[in-house]
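Numbering (the numbering used here), first residue to last: 363 to 1237. Don't be surprised by glycine CBs; every beta carbon is placed ideally from N, CA and C. All values reported here derive from a predicted model rather than from experimental measurement. Report on the following structure.
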Amino acid sequence: MSYEFHSLTWKEVVGLLGSDARAGLSPREARRRLLRMGPNRIVKHKRPGWFKLLLSQFTDPMVVTLMGATAISVFMGETIDAIVIFAIVLLNAMLGVVQEYKAEETLKALEVYSPSVCCVVRNGVRTHVNPEGVVPGDIVLLWPGVRVPADGRLTESRSLQVEESVLTGEPFPVSKNAEAVLPEATGISERSNMVYSGTLVTRGTGAMVVTATGMSTEIGQIARLLQTAQSQKTPLESRLESLSRVLLVTCLGICISLGVIGFLRGIPFHEIFLTAVSLAVAAIPEGLPATVTLCLALGVQSMAAKGAVVRKLEAIETLGSVTVICTDKTGTLTRNQMEIVEIGVPGPGGIQTVSRDRYKASRALVEHILEVGVLASDARHPPGDDPAVMEDPTEQAIVGGYMNLGCDPADLDDRYPRLDVRPFTPERRMMSVMVDTPGGPLICVKGATDTVIPLCIAQEAGGRTFRLGNTDVSAWEQWVSTRAAKGMRILAVAKKQLHRRLGQGGYTEEGLVLIGCLAMADPLRPEAASSVEHCKLAGIRPVLITGDHLKTAESIARETHILSRDGQGVTGEYLDNVPESMLGDAVEQYNVFARVSPAHKLKIVRALKKQGHIVAMTGDGINDGPALKEAAVGVAMGKTGSDIARESSSIVLLDDNFATIVKAVEQGRAIYDNIRKFIRYMLSCNLGEVITVGLAVLLGLPMPLTPIQILMMNLVTDGLPALALSMDPPDASIMKRPPRDPDESLFAGGLSWLILKRGTYVGVATLLMFIEALRIWDLPTASTMAFATLVTVQLVSAIDCRSETRSPLEIGIFSNKHLIGACALSWLMLLAVVQIPALGLFFDTVPLSGVQWLVIILVSVMPDIFRMAYHSKSR
C-alpha cells in the first residue's frame, strides 16, 4: 500500500514502517530489509556494447549510399577516393557511438548528490554507515552540511532549514517542521515535514525516519525519467534522411534503366556496367555529409565566440526552427542572487519607499534599518561572495545592501557585541539578537511582517519615535501586499532599547519600535526582457516553467512580457488534475507553469511535442535534466548549471545569458539557409552530370565524361564552393520571419524548381558543347571541352545559389569572399588539369586553345547575364 507520509503524523509514519523514533532499527532487521529492498543507490540502465552501437550507425540511408559509392570507387580502381569516402562514413559512425555513451555520464553525475557517509540510530546507538546500507525505517540524524541520504519524514526539527534546488530548482533554503501535518495534495516544494535524498541541510538539526530509498526516492525518479526520456530526431537529421532515400532510389533507378536500355540495344555488358557506374557516381553527392558537418562545425565555432558551447552539432540548426522555448526562472531569467530591491521606512507623511538604485542618495533613511537588519542576522557575506560559505540567502541580501553603502559588517560585531540570540524557527517566524550598546542592551529583530508588526507599538521616523496606530498598520499592510503580489519576500525590521542588562532570555519581544520593511527579490537579468521580445519577434513562443510560487512566476513573466498584464499561469497541481485528452489544450493556453516537479516539466515538453512544436528547454538544475533531454534542444547554464543539466543538454551557455539563445536562433537559421544553398548547388551540379551522361547514352553518343572526371568534380571542384556557401553571411531579415514548419521539406519554397532549371541548363549546355566539339574536333578534345564547360557552369552557379530571390548584383558579388576564393581556386585547378599534359594523362584531358576557353566561358555565364538584365529591366 502506498502512503502519503506528509499527511500523517511522524508517530504514525514510524509505526507504519515498524521502527522506533529513539532506538531505530536493530542491525539484524536493517540487514533483512536491505536484502529485501536492495541497496540505496541509483540503478543504471544497461547499454549495448560499443561494437553493436557502431554497427547500428551503418543503417542510415545516406551511409548506405556512401558505402555504395565506396564500393564503386574500389571497383574502378580509385583507391584514394574510396578511402576518403569511407573515412567520412567511419567518422560519422564514431561520433554517433560517442554521443550514445555520453548519456551514461548523465546518470553518473547523480552520484555527486549521494553522501559518502551518514549517521543512523540502530538499537539506540548512533552509527555511521555507508548510505547504500540505509533502509526504510532507519532513523537518520541531520545537521548543517549533511546531504540527506534518502527520502524521509521528519521526527525532530530544531530551526532546521534545507536547500532543495536538486529537486525544485530554487536555491533558497526552506524551513522544516516535524510537527506539521499537511494535505495529501501538497506538492513536493511545500512539504515542510519531509526531506529528500540529495538535498542539503543548511541550518539547524533534526532527525528523520527513512520512507524511500534508491530508485523509489524522488531523485531516483529523476534518474528513471532520464533513462526513459527520448532524444528527439532533429529536423535536419529527418530531412537529410529523406534526401538520402531519394538519392538511393535515384541511383538504383539509373542503373536499372541503363541496364534495360543497353540490353535492348545490344550493348556489351561491360560497357553498360561502366556507364551505369559513371551515372551512379554522378548522382551521389559524396561531399554532402562532410559539407553539412563542416557547416555545423563552423556554427559551433561561431557560437563559442558568443558564449555558448554546442555539445550536439545538429542542435544549432534545430534551434533555428524551434517554435517554443521553455525557460526556467531562477538563474536563467534572473540572477540567482537575492537582493533588496526596495526599502520602506516610516516618514512624516507616510511610508517612504527607496529603490536599490537610490540607497546611497538616501543613506540617511536606509542606513539604520540595514544596520539593525545585519545585527539581527548570522550572515556576514554578500550574495555570490564565496560559494563555499553556507549562509541564508535572505540574510546575505541584507548584508549586501549594507555593504553597498560602503559599510563593513565586521565593524558592527566589534562595536556591538552579542549578548543573546533567539534564532528563527518556522513557528516563531522571526529572529532576535540582543547586542551591547553604549546606551544599554539593544534588541534587534527581523522577521515576517505579520509576526513582527503586531509586536510593535511605535515606529521611528527621522530619529524620532511616533505611535504606531491602526492607520499606520493598514498602510504597512497595503505596502507589503503590493510587493508580495509581485513575488517579493518582505521582512519587517524592528528594535527595542533596554536601559539595564538582563540575563539571557530575560526580555520580551513586545513593545518593539518598527524601523521599516525590506522587500527582496531575485532580480531579472538586464537583458532578459529584450531577449524575450526578440524571441517573440522571431515567431518563437516563450514559456516559463519554475518550481517557485505562482505569484512570483507571474510577476517575472509580466516583467519579461512572457505574460500579458492580465494573463494568468497555473501550477503543477493543475497539471495533475487536467485530463490527458485536454493536456494539449492546456499547454497551448498557458505560458506560465509554477510549483512544478521534474515529472511535470517532462509532461509539458512531451505535450508540446505532441502538439507539433519543436521545443527548446532551458534550465540549470538536476530537476531540469529529463526535460532537457526530451526537448529537441536542451540549453543548460554553464555557471550555475548542474552536471546533470549540462550532460542532458545540447547547448551550454557559458555566460548563463538568456540573450545568447537569441543569437543561437539567428545562427541556426543562417546555417539552415546555407545548407539549402549548398544542397541546391551540389544537386544542380549532379543533375547536370546525370543529364549529360544519360542523354549521351540515349542518343548513342560516346561517353562525354569519364568516371575519374566525375569523381574529381564531386569531391574537389563541387566541394570547395559548397564549403564556401556554408560560410555565407545571414540575410538581414532572418530574425523577422517565423520558424520553419517542422514538416517542411528541404526543397520547399520552389528549391526543387531552381535545382531542376539550373541542372537542366548545365546538362544540356554541356552535351551541346560536346556534340558541337565532336563535329569540329576529335573525341579527346570534345570530352575535355565538355568537362571544362560542366565545371565552369557549376562555378558560376555557385555564385547564383547565394539567394533564391535576388541576383548576385543585388546581394553583392564580393560579399562572400570565401566563395569568390573557392571558385577561383577550383577554376585554376581545372585549368591545371586541362593545360598541364602530365595531369591530362591522369584525368583524360587534352590542352585547349584560347578560343575554345572563350566559348566555354560565354556559354557558362550566358543565363546569368540574361537573368540580371531581365531583373534590371523589371525594376
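I believe residue i touches residue j by the beta-carbon criterion, under 8 Å. Please report the beta-carbon distance rounded to the nearest angstrom.
{"i": "residue 981", "j": "residue 957", "result": "The pair is not a contact, with the Cβ atoms about 16 Å apart (cut-off 8 Å)."}
{"i": "residue 874", "j": "residue 857", "result": "7 Å"}
{"i": "residue 571", "j": "residue 510", "result": "Wrong, their Cβ atoms sit about 12 Å apart, outside the cutoff."}
{"i": "residue 902", "j": "residue 686", "result": "7 Å"}
{"i": "residue 1153", "j": "residue 1192", "result": "5 Å"}
{"i": "residue 1030", "j": "residue 679", "result": "5 Å"}
{"i": "residue 996", "j": "residue 969", "result": "Contact doesn't hold; Cβ gap of about 17 Å is too wide."}
{"i": "residue 882", "j": "residue 700", "result": "5 Å"}
{"i": "residue 616", "j": "residue 1126", "result": "Not quite, the Cβ-Cβ distance comes to about 18 Å (not below 8 Å), so this is no contact."}
{"i": "residue 887", "j": "residue 696", "result": "7 Å"}
{"i": "residue 489", "j": "residue 376", "result": "No, residue 489 and residue 376 are not in contact; Cβ-Cβ is about 18 Å, not under 8 Å."}
{"i": "residue 1117", "j": "residue 1049", "result": "6 Å"}
{"i": "residue 1017", "j": "residue 669", "result": "4 Å"}
{"i": "residue 486", "j": "residue 383", "result": "Actually they are not in contact, since the Cβ atoms of residue 486 and residue 383 sit about 11 Å apart, beyond 8 Å."}
{"i": "residue 1084", "j": "residue 1040", "result": "4 Å"}
Nearest to residue i by alpha carbon, out of the options?
{"i": "residue 904", "options": "709, 525, 954", "result": "954"}
{"i": "residue 959", "options": "937, 942, 946", "result": "937"}
{"i": "residue 658", "options": "1007, 883, 707, 1034", "result": "1034"}
{"i": "residue 1177", "options": "1204, 1221, 1089", "result": "1089"}
{"i": "residue 810", "options": "829, 846, 800", "result": "846"}
{"i": "residue 1047", "options": "1011, 1161, 630, 837", "result": "1161"}
{"i": "residue 566", "options": "452, 580, 506, 606", "result": "506"}
{"i": "residue 833", "options": "1095, 965, 993, 819", "result": "819"}
{"i": "residue 532", "options": "1021, 1108, 1064, 910", "result": "910"}
{"i": "residue 862", "options": "801, 429, 896, 887", "result": "801"}
{"i": "residue 1087", "options": "803, 787, 897, 1157", "result": "1157"}
Which class does residue i belong to by DSSP, given the choice of helix, strand or coil?
{"i": "residue 828", "result": "strand"}
{"i": "residue 738", "result": "coil"}
{"i": "residue 782", "result": "strand"}
{"i": "residue 976", "result": "coil"}
{"i": "residue 371", "result": "coil"}
{"i": "residue 999", "result": "strand"}
{"i": "residue 542", "result": "coil"}
{"i": "residue 818", "result": "strand"}
{"i": "residue 769", "result": "coil"}
{"i": "residue 955", "result": "strand"}
{"i": "residue 1223", "result": "helix"}
{"i": "residue 872", "result": "coil"}
{"i": "residue 859", "result": "strand"}
{"i": "residue 843", "result": "helix"}
{"i": "residue 577", "result": "helix"}
{"i": "residue 1038", "result": "helix"}
Determine, using beta carbons only, whether residue i comes closer than 8 Å to chain B.
{"i": "residue 828", "result": "Given the protein chain composition of this structure (a single chain), no chain B is represented."}
Would you list the residues sitting across from residue i in a DSSP beta bridge?
{"i": "residue 851", "result": "882"}
{"i": "residue 1089", "result": "Bridge partners of residue 1089: none, in fact."}
{"i": "residue 809", "result": "792, 854"}
{"i": "residue 714", "result": "707"}
{"i": "residue 903", "result": "686"}
{"i": "residue 933", "result": "956"}
{"i": "residue 308", "result": "Here the chain covers residues 363 to 1237 and nothing more, so residue 308 does not appear."}
{"i": "residue 488", "result": "483"}
{"i": "residue 1208", "result": "Answer is none; residue 1208 lacks a bridge partner."}
{"i": "residue 671", "result": "1014"}
{"i": "residue 733", "result": "DSSP output for residue 733 lists no bridge partner at all."}
{"i": "residue 514", "result": "557, 572"}
Beta-carbon within less than 7 Å of residue i's beta-carbon, same chain only, minus the 5 sequence neighbours each way: which residues are those?
{"i": "residue 1082", "result": "1184, 1187, 1188"}
{"i": "residue 764", "result": "732, 733, 736, 771"}
{"i": "residue 1276", "result": "No information on residue 1276 is available, as it lies outside the stretch 363 to 1237 that the chain covers here."}
{"i": "residue 869", "result": "796, 805, 860"}
{"i": "residue 1238", "result": "In the structure displayed, the chain extends from 363 to 1237; residue 1238 sits before or after that span and is not available."}
{"i": "residue 665", "result": "672, 678, 1026, 1029"}
By Cβ distance below 6 Å, which residues in the same chain neighbour residue i in space, the five residues on each side in sequence not counted?
{"i": "residue 578", "result": "none"}
{"i": "residue 461", "result": "Its pLDDT being 46, under 50, residue 461 is placed unreliably in this model, and the value from its coordinates should be taken loosely. Around residue 461: no qualifying Cβ."}
{"i": "residue 1144", "result": "1132, 1135, 1136"}
{"i": "residue 704", "result": "715, 717, 881"}
{"i": "residue 976", "result": "683, 684, 685, 994, 1104"}
Once the 5 residues before and after residue i are set aside, which same chain residues still bring their CB inside 8 Å of it?
{"i": "residue 940", "result": "948"}
{"i": "residue 497", "result": "387, 392, 395, 396, 399, 402, 572, 575"}
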